[in-house]
Amino acid sequence: MKPSLFRFCFRVLVLVLLTGFGASAQRITERDYQSYFAAYGLQGSFLVLEAGANTYTAYNLPRCRQGFLPASTFKIPNTLIGLETGAVKDTTEVFRWDGVSRKFAQWNQDMTLARALRVSCVPCYQQLARRIGATRYQQWLPRLQFGRMAVTAATVDTFWLAGTSRITQFEQIDFLQRLQRGQLPVSARSMALTKALLVLSRGPGWVLRGKSGWTMQSGHDNGWFVGWVEQGSKTYFFALNAEPANGGPATEKFVLGRRAVTEQILQREFGLLKAEAK
């Protein structure tokens, strides 16, 4: 092979590797879902991956690539790490209420890890985080490849709620794919227990798994809803990130809107969360 031809082929190979094996490896279609967000007084972005077709559908694509604090979506990898390290023996282990009355009344009681995830009990998972410790997080987080988490001994029970930790909607979906497929570097037991906790609803031929998240910093609210739908032979992964429109306060519409907007888009635009046509 002539040197000039070799250099050309080498440059092409490098380009293909750097772009993820060509544009066709990750097809992205952009759609306008602004009306769904506006109905709940929200602004944000939405990303869906049809797994079998390796096709993404995005609303506000630049924002889908922007990193945000993971908030309580971190309870998913946190559960996995807790189970793998033995910081919690199983999902029935009870976390004792510390007696401090908090804004969310459902947190002010003893509860199992399973319930703590369902009601997104931050104090319970902060107890778990302190058991795990910064050193073990620093070992496990790179293995799980859940965004870019920054944890120290001083921030061990807050790093997913404040600070410099960040994850994008693409990264959320990548992590969820590996969990759903059983491809994370943890035991099958830990993945099975965690996936069972994420089930939110079922219908004829489908199941919805997901987790919400909400950070509140200096009057700025940011919310997540991430997960996947298995319907028939197909699996769709989704990640929504949203904020109150125009920097307004978080209202009941914000609290409910994260999941409501997601379900409406999945139903109306993708035909999911309903009985399969016969």
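Just so we're aligned: the sequence shown equals residues 1 to 278 in the numbering used here.
Glycine included, each C-beta is placed from N, C-alpha and C at the ideal position.
Bear in mind that the values here come from a model prediction, so they are computed numbers and not experimental data.
Judged by pairs of C-beta atoms under 8 Å, the stretch 44-52 does not touch the stretch 144-153, as fewer than three such pairs exist. For residue 241, the uninterrupted beta strand (DSSP E) segment begins and ends at 234-244.
Annotation for residue 47: the continuous beta strand (DSSP E) segment containing it runs 42-50. With a contact defined as Cβ atoms closer than 8 Å, residue 241 and residue 224 qualify at about 6 Å. Separation of residue 108 and residue 78 (C-alpha to C-alpha, rounded to the nearest whole angstrom) is 21 Å. Three or more Cβ pairs drawn from the stretch 245-262 and the stretch 209-221 lie within less than 8 Å of each other, which places the two stretches in contact. Take residue 150, set aside five residues on each side of it, and the residues of its chain with a beta-carbon closer than 7 Å to its own are 159, 163, 164, 165, in chain order. Spanning the alpha carbons of residue 152 and residue 26 requires a straight line of approximately 35 Å. Beta-bridge pairing by DSSP links residue 231 to 206, 234. In this structure, residue 272 lies near residue 206, with their beta-carbon atoms less than 8 Å apart.
A distance of 8 Å or more separates the beta carbons of residue 76 and residue 262. Residue 246 counts as exposed, since fewer than 16 other C-beta atoms from the protein chains shown sit within 10 angstroms of its C-beta.
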